[in-house]
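Residues in the sequence shown are numbered from 26 upward in steps of one, following the working numbering.
Every residue, glycine too, gets a C-beta built ideally from N, C-alpha and C.
Just so it is clear, the structure is predicted and the values come from calculations on it, not from any experiment.
Since the structure comes first, as structure tokens, the remarks are kept for the end.
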Amino acid sequence: MTALRYLQAYPPHLQEQVRQMIASDRLGDYLRQRYPERHDVQSDKALYGYAQEIKQQYLRSAPPLDKVLFDSRLDLTHRALGLNTAVSRVQGGKLKAKKEIRVASLFREAAPQFLRMIVVHELAHLKERDHNKAFYQLCQHMEPDYHQLEFDLRVYLTYRELPGNT
């Protein structure tokens, strides 16, 4: 039985469907059929603009973003696909907090839906720090297919870990 570390929180019947697709070598075809396109957001500058567009549409009152970039140091071993940080610095007598979003470099080659899902996820942390009901409602407000995309992204990550699919 194949261990599906990215899908452990999902019901057994869904895990079994993924296992069957792996066993019959159909998982890659499923993903290519469902997500055939690749996005053209390739630079940090383009990613910043992309995130700003989504933020402007849904989170105007959230704190401004100072930096959004692809980060090659974020990887699956650290269980981080994206990171939302506030870097605080003392300037004069004031404390300044700069908001940063870092997205794992593997999203440069991912489907546009997966990039949007991870950016929406990190933007939602500007309003909701914890992964609670309000957080997921905000994610779904910004991306109505959020939950399906999160599941499919986990399937994609599972596929990438199969031998010969990096």
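In this model, K123 and G117 are separated by some 15 Å (Cα to Cα). Taking C-beta atoms as the reference points, L32 and Q40 count as a pair closer than 7 Å.
By a beta-carbon distance limit of 8 Å, A87 contacts K152. Their separation comes to about 6 Å. Boundaries for R63: no beta strand (DSSP E) harbours it, and the DSSP string shows neither H nor E there. Put simply, the backbone Cα of K121 is about 11 Å away from that of D91.
About 6 Å separates the beta carbon of L56 from that of Y184, a gap short enough to meet the 8 Å contact definition. Each residue's CA atom was taken as its position, placing P61 and R114 some 43 Å apart. Using a Cβ distance threshold of 7 Å, A129 and L99 count as a contacting pair. The residues A135, A136, P137 and L140, in chain order, have a CB closer than 8 Å to that of H64 in the same chain once the five nearest residues on each side in sequence are set aside. M167 and P36 have their C-alpha atoms roughly 25 Å apart.
Runs of the beta strand (DSSP E) spanning 3 or more residues and lying entirely within the region 60-143 occur at 90-96, 107-116 and 119-129, in chain order. Where L174 is concerned, the enclosing alpha helix (DSSP H) starts and stops at Y171 to E186.
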